[in-house]
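Residue numbering for the sequence shown follows my numbering, starting at -12 and increasing by one per position.
Report on one structure; see the data block that follows.
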Amino acid sequence: MNEINNQIPLGERKKESFRLFDDIAQTYDSLNKVLSFGIDIYWRRQIRKALPKTDSIEILDLATGTADVPIELIKAKNVKRILGLDLSEGMIKVGNEKLKEQKLTDKITLGIGDGCNLPVEDQTWDVATVSFGIRNYPDCFKGLQEMHRVLKPNGRAMVMEFSLPSIWPVRMIYLAYFRYILPFVGNLFSGHGDAYSYLNKTVEDFPYGDEFTSLMTKAGFAKVSARPLTFGIATLYIGDK
């Protein structure tokens, strides 16, 4: 059973989080569906609906994991191609298997890449997305700056991330689930002693809401908005270049 030392500061753990995802890659998709009660499918659909309506969009998806977001976004008729990048080779391997099964390898390509130091040239993508991954970045502001750098003028950044509900009863139920039930079930069935405990801590550490929209504005984005979803359990942040 793999574990991460709880004595290591969260910021330091984030630098090696891709190794954690290597460890849980084989069980990640099935556990994700169970632990989110399938709501993750609805959340990804909201990203697709928020895509620009322009023709022939090329998308860069960061912290792409097992490629669930690219597989959803490629359904949009105006999306030409997608490149998904992630530091976890284990997650990319699972993602490539899914793309082969669904015959999407001609439209979606996966590779290794650091969201805080993208191996991508300036102003080369129409849309940059990251879904439930930026909270694992050692420096989420640097990640936003990188998204801004690689976007073409008038390009769009979309960030989907967990947030904390503002309605008191929902917030209390949510925190109880995230702090106790989700870590127990996730750690048990993933075979990892600490993975889902760590992921819970990154949720509560994340600068959500107005704090995150301020970071997007500071990174250079305009028309920044935040769309709470499912009582505020998740939020879709959108900013244009």
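Backbone N, C-alpha and C define an ideal beta-carbon position, used for all residues, glycine too.
Give the range of the beta strand (DSSP E) segment to which residue i is assigned.
i: Pro140; result: 138 to 149
i: Pro231; result: Examination of residue 231 is not possible in this model, given that the chain is present from -12 through 228 alone.
i: Asp48; result: 44 to 49
i: Asp227; result: 221 to 227
What is the residue span of the alpha helix (DSSP H) that residue i lies within?
i: Lys20; result: 4 to 22
i: Arg182; result: Per the sequence shown, residue 182 should be read as Ala rather than Arg. Here the alpha helix (DSSP H) through Ala182 covers 182 to 192.
i: Gly120; result: It is not in any alpha helix (DSSP H) - Gly120 carries neither H nor E in the DSSP assignment.
i: Tyr29; result: 26 to 36
i: Phe173; result: The displayed chain sequence assigns Gly, not Phe, to residue 173. Its alpha helix (DSSP H) spans residues 169 to 177.
i: Asp197; result: 197 to 205
i: Arg158; result: 155 to 163
With distances taken from CA atoms, which of the options is nearest residue i?
i: Phe193; options: Ile11, Leu7, Met147; result: Met147
i: Ile160; options: Phe218, Arg6, Val56; result: Phe218
i: Asp126; options: Gly52, Phe24, Phe199; result: Phe199
i: Leu49; options: Val66, Tyr124, Ile154, Gln89; result: Tyr124
i: Ser17; options: Ile58, Glu(-1), Pro39, Val81; result: Val81
i: Glu(-1); options: Tyr224, Thr189, Ile28, Leu162; result: Thr189
i: Tyr167; options: His179, Ser184, Trp155; result: Ser184
i: Lys210; options: Lys228, Leu223, Ile99; result: Lys228
i: Pro140; options: Ala115, Ile79, Ile99; result: Ala115
Given a cut-off of 9 Å on the beta-carbon distance, is the pair residue i and residue j in contact?
i: Glu45; j: Arg68; result: yes
i: Ala144; j: Leu151; result: no
i: Phe165; j: Leu74; result: no
i: Gly71; j: Thr92; result: no
i: Phe149; j: Ile220; result: yes
i: Cys103; j: Gly130; result: yes
i: Lys187; j: Leu169; result: Before going further, note that residue 187 is Asn rather than Lys in the sequence given. Going by C-beta atoms, Asn187 is nearer than 9 Å to Leu169.
i: Arg214; j: Ala37; result: yes
i: Val157; j: Leu22; result: no
i: Ser177; j: Asp10; result: yes
i: Leu47; j: Leu105; result: yes
i: Ile58; j: Lys85; result: yes
i: Phe128; j: Leu202; result: yes
i: Tyr15; j: Thr51; result: no
i: Val117; j: Lys94; result: no
Given this structure, state the Cα-to-Cα distance separating residue i from residue j, to the nearest angstrom.
i: Phe208; j: Gly226; result: 5 Å
i: Asp42; j: Ala63; result: 10 Å
i: Gly196; j: Arg122; result: 13 Å
i: Asp113; j: Asp55; result: 19 Å
i: Asn174; j: Ala182; result: 6 Å
i: Asp109; j: Met134; result: 10 Å
i: Asp2; j: Gly142; result: Note that residue 2 is Lys in the sequence shown, not Asp. So the two alpha carbons sit approximately 28 Å from each other.
i: Tyr224; j: Lys205; result: 14 Å
i: Ile(-9); j: Ile79; result: Here Ile(-9) scores only 46 on pLDDT, less than 50, and its place in the model should not be relied on; the value that follows carries that caveat. Approximately 21 Å, taken between the alpha carbons.
i: Met(-12); j: His179; result: At Met(-12) the pLDDT is 40, less than 50, meaning the model places this residue with poor confidence; the figure from the coordinates comes in the next sentence. Going by the C-alpha atoms only, they are around 5 Å apart.
i: Glu83; j: Trp155; result: Per the sequence presented here, residue 83 reads as Asn, with Glu not at that position. The alpha-carbon atoms of Asn83 and Trp155 are separated by roughly 41 Å.
i: Tyr29; j: Ile99; result: 27 Å
i: Asp101; j: Val107; result: 10 Å
i: Arg136; j: Ser212; result: 19 Å
i: Lys90; j: Asp27; result: 22 Å
i: Leu162; j: Leu7; result: 23 Å
i: Gln132; j: Asn19; result: 29 Å
i: Gly25; j: Lys87; result: 23 Å
i: Thr111; j: Thr222; result: 26 Å
Contained beta strand (DSSP E) runs [length at least 3] in the segment 70 to 111, N- to C-terminal order: 95 to 99
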